[in-house]
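One structure below.
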């Protein structure tokens, strides 16, 4: 039911969003391990499908770097749209649970439990799609296989500092997209607010740990790059750490403004 002074078509206020995300954080911290893992696998698969769609769009494009990256970013938005609308547990978005932690509604143990299970589940879902893509021969064209190799090699060769700070910038935008999805009352509204922030981080070239769980393994499994498991490990370590910091910055800023200062 809409608030008395609010039209049903209006967006939820930032204060309302903060309260909703705090409540969602409490629910997430108490979700059973089985349900949490299954929802996390779904989210990893959804993000992988978005990354697959991105690869198709940008491969062999003749539109120039800017327009190509913009179109690719819109295609990649499919992943978070599926997470938000269909329902799933995404590690990067769950950084917003820090709001509930800061407000002492959940414990650090509850937060860590959620993050650990979801991170592993996301990885499993991404790997599942990567294996299916290779087995299906989806990367059979030269343009697609070359693009996959190019993207994976660029990620593996990132300096740790670059990977960390690109992870921070990425999850600032991802968490803002998730935050704004709580403002919308309709499916169309939720889709609309997700597209631009996600297109921005993809187009600029920031780093999303869950997307990397698909992009790098699919290149290795398909034989488009050599096997570099240490490179994959360290990329995920630094990007994941950056994603946590970036999401935490968004969460703590809004907690401080709309929850702590309101008490």
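Numbering (this note's numbering), first residue to last: 1067 to 1329. Note that beta-carbon positions come from the ideal geometry of N, C-alpha and C, so glycine has one too. In this text, all values refer to a predicted model and were calculated from it rather than measured experimentally.
Less than 8 Å between the C-beta atoms of residue i and residue j, yes or no?
i	j	result
residue 1309	residue 1236	yes
residue 1106	residue 1183	yes
For residue i, does the three-state DSSP call read helix, strand or coil?
i	result
residue 1272	coil
residue 1156	coil
residue 1125	coil
residue 1077	coil
residue 1301	helix
residue 1101	helix
residue 1293	coil
Excluding five sequence neighbours on each side, which residues of the same chain lie with their C-beta closer than 8 Å to the C-beta of residue i?
i	result
residue 1172	1091, 1092, 1095, 1163, 1166
residue 1293	1286
residue 1136	1265, 1269
residue 1111	1191, 1192, 1194, 1195
Would you report the Cα separation of residue i and residue j, rounded to the nearest angstrom?
i	j	result
residue 1283	residue 1326	42 Å
residue 1129	residue 1262	19 Å
residue 1228	residue 1267	14 Å
residue 1081	residue 1150	20 Å
residue 1234	residue 1311	6 Å
residue 1243	residue 1202	32 Å
residue 1304	residue 1255	33 Å
Does any residue of chain C bring its CB to less than 8 Å from the CB of residue i?
i	result
residue 1174	No chain C appears in the structure shown, which is made up of a single protein chain.
CB-CB under 6 Å to residue i, same chain, minus the five flanking residues each way: which ones, in chain order?
i	result
residue 1211	1205, 1290
residue 1185	1157
residue 1078	1249
residue 1187	1103, 1106, 1107
residue 1119	1141, 1144
residue 1113	1145, 1276, 1277
Segments assigned alpha helix (DSSP H), at least 4 residues, entirely inside the region 1175-1253
1208-1222, 1226-1247
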